[in-house]
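Trainee: The structure is given below, and queries will be raised subsequently.
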Amino acid sequence: MLLTANQTRLLYERATVGHFAILAVNADSPAAVVDCLEAAKQTQAPIIIETSLWQLTGRSFGLGDPILGLARYLTDLAVLSNSERYKNTPVVFHTDHIKGPETLAILTAAINGIPTNLSDQEQRVFASSLSLDSSELSAEENIEMMCTLCSTAEARSEKATLEMEAGVDKGVTPPSETKGIFGAVEERHPGHLALWAPGVGTQHGLDDGNHIDSDAIQKHQELATEICSRPIGLALHGSSGLSNDALQAAVQAGTAKVNWSSESLLIRSSLAKRYFETHSEQLSRNHPDFKSTAMDNGLQSFIAEQYIPKVGERIEILGGKSKAPAFMAQLN
Ligand SMILES: [Zn+2]
Numbered sequence: 074m075l076l077t078a079n080q081t082r083l084l085y086e087r088a089t090v091g092h093f094a095i096l097a098v099n100a101d102s103p104a105a106v107v108d109c110l111e112a113a114k115q116t117q118a119p120i121i122i123e124t125s126l127w128q129l130t131g132r133s134f135g136l137g138d139p140i141l142g143l144a145r146y147l148t149d150l151a152v153l154s155n156s157e158r159y160k161n162t163p164v165v166f167h168t169d170h171i172k173g174p175e176t177l178a179i180l181t182a183a184i185n186g187i188p189t190n191l192s193d194q195e196q197r198v199f200a201s202s203l204s205l206d207s208s209e210l211s212a213e214e215n216i217e218m219m220c221t222l223c224s225t226a227e228a229r230s231e232k233a234t235l236e237m238e239a240g241v242d243k244g245v246t247p248p249s250e251t252k253g254i255f256g257a258v259e260e261r262h263p264g265h266l267a268l269w270a271p272g273v274g275t276q277h278g279l280d281d282g283n284h285i286d287s288d289a290i291q292k293h294q295e296l297a298t299e300i301c302s303r304p305i306g307l308a309l310h311g312s313s314g315l316s317n318d319a320l321q322a323a324v325q326a327g328t329a330k331v332n333w334s335s336e337s338l339l340i341r342s343s344l345a346k347r348y349f350e351t352h353s354e355q356l357s358r359n360h361p362d363f364k365s366t367a368m369d370n371g372l373q374s375f376i377a378e379q380y381i382p383k384v385g386e387r388i389e390i391l392g393g394k395s396k397a398p399a400f401m402a403q404l405n
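The structure is reproduced here in structure tokens:
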């Protein structure tokens with residue numbers, strides 16, 4: 074089931090208080106989305122499907138138009154998540170690393186709802202939670218943008234569910250920044266912030282030697298919780314390459330959402346490479362299996378067989394396994 078912003082805030086609080094983290098996969102194709110939902114269903118876990126600007130404008134979704142991309146991505150995810158097969162699987166749609174001049178246009182549309190038929194304003198789909206890429210923004214610009222998103226939700230008499238970030242790749246964020254940036258948004262628009270993503274030593278990408286500062290996670294988590302007077306979990310960016318022990322330490326220290334992109338892409342692309350290497354004979358024009366091998370379903374089924382268990386393993390490492398039934402019962 075695709076969660077609303079309010080249901081998503083409950084889920085993030087539940088993860089923070091219950092010391093587990095929800096896996097957030099940056100899924101960049103319809104097949105990757107299906108595989109992630111399948112892994113969540115098999116492990117009875119909640120899952121976050123997140124998308125960045127490069128997916129929204131990419132060939133599988135918006136073809137250069139991020140709003141069209143968001144409409145296609147979110148509509149597909151809503152139909153899939155609300156289908157009989159996944160009705161008991163809590164699914165969050167999160168916007169990740171949205172940046173550039175169209176940031177506010179994209180995120181405002183995500184809050185106000187995207188018409189599923191772009192010429193019919195009635196039927197709309199909504200994002201569950203939002204974040205934006207602050208790497209090219211000053212602290213003031215970051216605060217202003219987050220406050221604008223809060224105002225947009227308030228104009229609908231609603232609360233957005235926001236993840237705020239600061240200097241993710243720039244080492245450990247000093248606590249004074251948590252007070253100055255995160256605290257400023259909470260003071261002006263109480264109740265919208267749900268996750269805090271400061272720098273905790275990790276790096277985006279696949280560099281060897283990625284590491285994490287668990288003490289910094291705990292201090293930031295406690296400080297953010299104190300500022301908001303409600304449980305605020307940390308969102309961990311740049312988790313690729315971390316050991317299972319490091320991930321579990323991060324969860325115990327207060328991480329509620331773990332983003333996963335580079336490693337997931339590496340697994341999927343390596344499997345695609347292997348598929349074409351091992352099926353070159355079937356891909357010759359007179360082979361009896363040419364069609365079933367050449368069609369997208371052949372490749373995607375091959376990838377799914379090994380990718381889904383990897384996603385399931387990651388969910389289990391983060392403590393998300395079997396957390397869906399109790400959460401769904403809480404909603405009813
Ligand atoms: Zn990130």
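Numbering (our numbering), first residue to last: 74 to 405.
Glycine included, C-beta positions come from ideal geometry on N, C-alpha and C.
(1) Where does residue 219 fall in DSSP's three states?
(2) Per DSSP, residue 99 forms a beta bridge with which residues?
(3) Suppose you measure from the CA of residue 384 to the CA of residue 136; what does that come to, to the nearest Å?
(4) Under a Cβ-count criterion, where at least 16 other Cβ atoms within 10 Å of its own Cβ denotes burial, should residue 238 be classed as buried or exposed?
(5) Between residue 155 and ligand 1, is the CB less than 7 Å from at least one heavy atom?
(6) Count the other CB atoms, across all protein chains shown, that sit within 10 Å of the CB of residue 312; report buried if there are 16 or more and exposed otherwise.
(7) Given the structure, does residue 332 come close to ligand 1, in the sense that its CB is under 7 Å from one of the ligand's heavy atoms?
(8) According to DSSP, is residue 197 helix, strand or coil?
(9) Which value, in whole angstroms, describes the spacing of the CA atoms of residue 232 and residue 368?
(10) Should residue 311 be counted as a contact of ligand 1 given a C-beta to heavy atom distance under 7 Å?
(11) Report yes if the C-beta of residue 241 is less than 7 Å from at least one heavy atom of ligand 1; otherwise report no.
(12) How long is the line joining the alpha carbons of residue 138 and residue 145, rounded to whole angstroms?
(13) What residue range is occupied by the uninterrupted alpha helix (DSSP H) comprising residue 346?
(14) Assuming residue 89 contacts residue 327 (C-beta within less than 8 Å), just tell me the rounded distance between them.
(15) List the whole-angstrom C-beta distance separating residue 189 from residue 180, where the pair is believed to meet the contact cut-off of C-beta under 8 Å.
(16) Quick one: what's residue 330 bridged to in DSSP?
(17) Specify whether the stretch 269-278 and the stretch 307-326 touch according to this definition: at least 3 beta carbon pairs, one from each stretch, less than 8 Å apart.
(18) Considering just the uninterrupted stretch of the beta strand (DSSP E) at residue 273, what are its terminal residues?
(19) Is residue 101 near ligand 1, judged by its Cβ being under 7 Å from some heavy atom?
(20) What are the residues that DSSP puts in a beta bridge with residue 188?
(21) Mind checking which residues open and close the beta strand (DSSP E) that includes residue 167?
(22) Count the other CB atoms within 10 Å of the CB of residue 72; is the residue buried (16 or more) or exposed (fewer)?
(23) Would you say the stretch 155-166 touches the stretch 105-115, given that touching needs at least three Cβ pairs under 8 Å?
(24) Exposed or buried, which one is residue 183 when buried takes at least 16 other CB atoms within 10 Å?
(25) Look at residue 317 and residue 97 and say whether their C-beta atoms are less than 8 Å apart.
(26) Mapping the DSSP letters down to three states, classify residue 202 as helix, strand or coil.
(27) What does the Cβ neighbour count give for residue 93, buried or exposed, with the cut at 16 atoms within 10 Å?
(28) Could you check the C-alpha separation between residue 290 and residue 256 for me, to the nearest Å?
(29) Using 10 angstroms around the beta-carbon of residue 82, count the other beta-carbons present and answer buried if the total reaches 16, otherwise exposed.
(30) State the Cα-Cα distance for the pair residue 388 and residue 80, rounded to the nearest angstrom.
(31) Does the distance between the C-beta of residue 293 and the nearest non-hydrogen atom of ligand 1 fall short of 7 Å?
(32) Can you tell me the Cβ-Cβ gap for residue 259 and residue 301, rounded? I've got them flagged as a contact below 8 Å.
(33) Can you give me the C-alpha to C-alpha distance between residue 330 and residue 363, rounded to a whole angstrom?
(34) Which of the three DSSP states, helix, strand or coil, is assigned to residue 267?
(35) Taking DSSP as the reference, what is the three-state secondary structure of residue 236?
Mentor: So, from the listed chains and residues:
(1) The residue given as residue 219 occupies position 146 in the sequence shown. DSSP places residue 219 in helix when its eight states are reduced to three.
(2) Translated into the one-based positions of the sequence shown, residue 99 becomes position 26. Partner(s): 123.
(3) What you label residue 384 is simply residue 311 of the sequence shown in a count that begins at 1. What you label residue 136 is simply residue 63 of the sequence shown in a count that begins at 1. Going by the C-alpha atoms only, they are around 28 Å apart.
(4) On the sequence shown, residue 238 is found 165 positions in, with the first residue counted as 1. Classification for residue 238: buried.
(5) Taking the sequence shown and counting its residues from 1, one reaches residue 155 at position 82. Checking the Cβ of residue 155 against ligand 1 gives no.
(6) What you label residue 312 is simply residue 239 of the sequence shown in a count that begins at 1. So residue 312 ends up on the buried side.
(7) By one-based count along the sequence shown, residue 332 stands at place 259. Answer for residue 332: yes, Cβ within range of ligand 1.
(8) Position 124 of the sequence shown holds residue 197. Correct three-state label for residue 197: strand.
(9) Working through the sequence shown from its first residue, we reach residue 232 at position 159. Working through the sequence shown from its first residue, we reach residue 368 at position 295. Distance between the alpha carbons of residue 232 and residue 368 is about 44 Å.
(10) Translated into positions along the sequence shown, residue 311 becomes position 238. Yes; taking the cut-off as 7 Å, the Cβ of residue 311 has a heavy atom of ligand 1 nearer than that.
(11) Start at 1 with the first residue of the sequence shown, and residue 241 comes out as number 168. Within the cutoff, so yes.
(12) Mapped onto the sequence shown, residue 138 falls at position 65. Mapped onto the sequence shown, residue 145 falls at position 72. Distance between the alpha carbons of residue 138 and residue 145: 11 Å.
(13) The residue labelled residue 346 in the question sits at position 273 within the sequence shown. Note, residue 346: alpha helix (DSSP H), 335-351.
(14) Along the sequence shown, one-based indexing puts residue 89 at 16. Along the sequence shown, one-based indexing puts residue 327 at 254. Yes, they are in contact, since the Cβ atoms of residue 89 and residue 327 sit about 7 Å apart, within 8 Å.
(15) The residue given as residue 189 occupies position 116 in the sequence shown. The residue given as residue 180 occupies position 107 in the sequence shown. Wrong, their Cβ atoms sit about 18 Å apart, outside the cutoff.
(16) Position 257 of the sequence shown, counted from the first residue, corresponds to residue 330. The partner list for residue 330 (beta bridge, DSSP) reads 95, 308.
(17) yes
(18) Looking up residue 273 in the sequence shown gives position 200. Segment: none, residue 273 is in no beta strand (DSSP E) and carries neither H nor E.
(19) Taking the sequence shown and counting its residues from 1, the one referred to as residue 101 is at position 28. No - ligand 1 has no heavy atom lying nearer than 7 Å to the Cβ of residue 101.
(20) Taking the sequence shown and counting its residues from 1, the one referred to as residue 188 is at position 115. Residue 188 pairs with 197.
(21) Looking up residue 167 in the sequence shown gives position 94. Residues 164-168.
(22) One cannot answer for residue 72 here, as it falls past the ends of the chain, which runs 74 to 405.
(23) yes
(24) Within the sequence shown, numbered from 1, the residue matching residue 183 stands at position 110. The residue is buried, with at least 16 neighbouring Cβ atoms inside 10 Å.
(25) Translated into the one-based positions of the sequence shown, residue 317 becomes position 244. Translated into the one-based positions of the sequence shown, residue 97 becomes position 24. No.
(26) As a working mapping, residue 202 is identified with position 129 in the sequence shown. The answer is strand: DSSP assigns residue 202 an E or B state.
(27) As a working mapping, residue 93 is identified with position 20 in the sequence shown. So residue 93 counts as buried.
(28) For the purposes of this step, residue 290 is taken as residue 217 along the sequence shown, with counting starting at 1. For the purposes of this step, residue 256 is taken as residue 183 along the sequence shown, with counting starting at 1. If I take the Cα positions, the gap works out to 17 Å.
(29) Residue mapping note: residue 82 aligns to position 9 of the sequence shown, counting from 1. Flag for residue 82 reads buried.
(30) Against the sequence shown, residue 388 aligns to sequence position 315. Against the sequence shown, residue 80 aligns to sequence position 7. Taking the straight line joining both Cα atoms gives about 20 Å.
(31) Counted from its first residue, the sequence shown places residue 293 at position 220. The answer is no for residue 293.
(32) For the purposes of this step, residue 259 is taken as the residue at position 186 of the sequence shown. For the purposes of this step, residue 301 is taken as the residue at position 228 of the sequence shown. Confirmed, about 5 Å.
(33) For this step, residue 330 is matched to residue 257 along the sequence shown. For this step, residue 363 is matched to residue 290 along the sequence shown. So the alpha carbons of these two residues sit roughly 42 Å apart.
(34) As a position in the sequence shown, residue 267 is number 194, starting the count at 1. The answer is strand: DSSP assigns residue 267 an E or B state.
(35) Position 163 of the sequence shown holds residue 236. Of the three classes helix, strand and coil, the one that applies to residue 236 here is strand, per DSSP.
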